[in-house]
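For reference, the structure discussed in these notes is given below.
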Amino acid sequence: MFPERFANLPAYAFPRLRALLDAHEAGGPVMHMTIGEPKHAFPDWVGQIMADNIAGFGQYPPNDGTPGLRGAIAGFLDRRYGVTVDPDTQIMPLNGTREGLYNAAMALIPEEKAGKRPVVLIPNPFYQVYMIGAISVRAEPVFVSATRANGYLPDYTALPPEVLNRVAAAYICSPANPQGSVASRDYWAALIRLAEQYDFQIFADECYSEIYRQDAPVGAMQVAQELGADPERVVIFHSLSKRSNLPGLRSGFVAGGVETLKHVRQLRAYAGAPLPLPIQHVSQMVWEDEAHVIENRRLYGEKYVAADEVFASIQGYKAPEAGFFLWLPVDDGEEAALKAWRETGVRVLPGAYLSKDVNGDNPGKGYIRVAMVAPTEEMRQGLIRLRDCIYR
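This is the structure in structure tokens:
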């Protein structure tokens, strides 16, 4: 029968949202601001590259990715972060980063740590796959709140030694989904030193790294190499979904130490699914091009400005540093989402659906998440409708 460890999982965020809203009529023209699905145009040459390589669908693709794709990813890491990796031993393309974030737990988390059940640290709120990865390997997920008080980044250094001694891995998302906060160089350095002290790995979800307002976010592997940390200490995950507006391509990568990637590739050989060759060829060209990324970032820059203007007078509003979500303070996220839907037709996500109750507290309860993915003027009108409904 169904494994007991999966029997009492909370419902996924979007089925919960449908259950909350769909029994009610929309109070205006429907506008979806729930899902982080980019709407900007992807490079216009993508289709031609796919067509030129269409015969590749007739072949089994290489598990570890083509040399050209791995080389393009290594080039991106060098240009963007000044990070040097061996494309043959330290990189593997992914079917989207969700695959990698889950399989990292399957491949890398031991059955025991210090003779006890291992712990996986998870920011709260969090991307749901972090929790499922931990549960799948029978590790204990420990949720650490990321709140306004700590800059919306979890303070893993504050955990007691009895927990840290059992930690096998720590997930961290920077820029953060949903809050848009960015881990500083000092934050990464403190976390890496903690991981060195207590011998655990950092799973750095950096999928929003190329969408930012001013300064490019520093990377986890970048800081690890600057510190001279163990090369196996940090595992990073990147995606073309947000960077290049290609969520349907399902293309990303994982990079880390040689031993780490050996285990990840071994799992892929038995249980994974490599990217089809035409997608690998497209991905290579997209990782090599920065012009479309710069234009994408400019468009999001316009949206940041629009959001700041709309919510300038709202107490507690914090402009995101990066990413494309607003994390808006409300009295109760479910009530606010239902009110917005019934009175305006705008769909937003209650923050509690991205968070876990810990000791009776849910750090997302007093928030809604709003995705800024629609065209700028359309998005602006949606934000005005939200503001006038929720904050009037």
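According to full-length UniProt numbering, the stretch in the sequence shown is residues 1 to 392, in order. Idealized CB from N, CA, C, for every residue including glycine.
* Asked: Where in the segment 225-283 do unbroken runs of the alpha helix (DSSP H), each at least 4 residues long, occur, reported from the N-terminal end onward?
  -> Within the segment 225-283, the complete alpha helix (DSSP H) segments of 4 residues or longer fall at 240-243, 258-271, listed in chain order.
* Would you kindly work out how many angstroms separate the C-alpha atoms of G47 and H40, rounded to a whole number? => Here the C-alpha atom of G47 lies approximately 16 Å from the C-alpha atom of H40.
* Presumed contact (8 Å Cβ cut-off) between N296 and N245, rounded CB distance -> Indeed, because the Cβ distance is near 6 Å, the residues count as touching under 8 Å.
* Asked: Leaving out five residues before and five after S136 in sequence, what residues of the same chain have Cβ atoms less than 7 Å from its Cβ?
  -> Contacts found: A105, M106.
* To do: Could you check what DSSP says for H32 in three-state terms: helix, strand or coil?
  => Looking at H32 - three-state DSSP - the assignment turns out to be strand.
* Asked: Does the Cβ of H40 lie closer than 7 Å to at least one heavy atom of the ligand GTP?
  -> With respect to small molecules bound, the structure shown includes none, and the ligand GTP cannot be examined in it.
* Asked: Quick one, are the C-beta atoms of A336 and I368 less than 8 Å apart?
  -> Annotated as proximal: A336 and I368, with beta-carbon spacing under 8 Å.
* Three-state class that DSSP yields for P161 in the structure shown -> Three-state DSSP puts P161 in a helix.
* To do: Thinking A319 and L386 are a contact (beta carbons under 8 Å), I'd like their distance in whole angstroms, please.
  => With 8 Å as the limit, A319 and L386 do not qualify as a contact, their Cβ atoms being about 16 Å apart.
* To do: Output the boundary residues of the beta strand (DSSP E) element that contains N124.
  => Counting along the chain, the beta strand (DSSP E) containing N124 begins and ends at 119-124.
* **Coarse secondary structure for P375, derived from DSSP in three states** => Note: P375 maps to coil in three-state DSSP.
* Asked: Of the choices Q266, I122, D78, whose alpha-carbon is the least far from that of Q225?
  -> Residue D78 is the option with its Cα nearest to Q225.
* For I49, which residues of its own chain have a beta-carbon under 7 Å away from its beta-carbon, when the five flanking residues on both sides are left out? -> Once the five neighbours on either side are set aside, the close Cβ partners of I49 are H281, V282, M285.
* Asked: Are the segment 51-66 and the segment 227-239 in contact at 8 Å, needing three or more beta carbon pairs?
  -> Between the segment 51-66 and the segment 227-239 there are fewer than three C-beta pairs closer than 8 Å, too few to call the two in contact.
* **Residue nearest to E377 in terms of C-alpha spacing, selected from M31, A291, I202** => Per the C-alpha coordinates, the member of M31, A291, I202 positioned closest to E377 is M31.
* Leaving out five residues on either side along the sequence, give the residues of the same chain with a beta carbon under 6 Å from the beta carbon of F143. => In the same chain as F143, and ignoring 5 residues on each side of it, the C-beta atoms closer than 6 Å to its own belong to I122, N124, K356, V358, in chain order.
* To do: List the DSSP bridge partners of D361.
  => Answer is V358.
* Complete runs of the alpha helix (DSSP H) confined to the segment 299-361 [at least 4 residues] -> Counting whole runs of 4 or more residues, the segment 299-361 contains the alpha helix (DSSP H) stretches 333-344.
* **Length of the line joining the Cα atoms of N165 and A19** => Using only the alpha carbons, I get a separation of about 41 Å.
* To do: Measure the CB-CB distance between D88 and R70 and report whether it falls below 8 Å.
  => The criterion of a C-beta distance shorter than 8 Å is satisfied by D88 and R70.
* Where does F143 fall in DSSP's three states? -> Reduced to three states, the DSSP call for F143 is strand.
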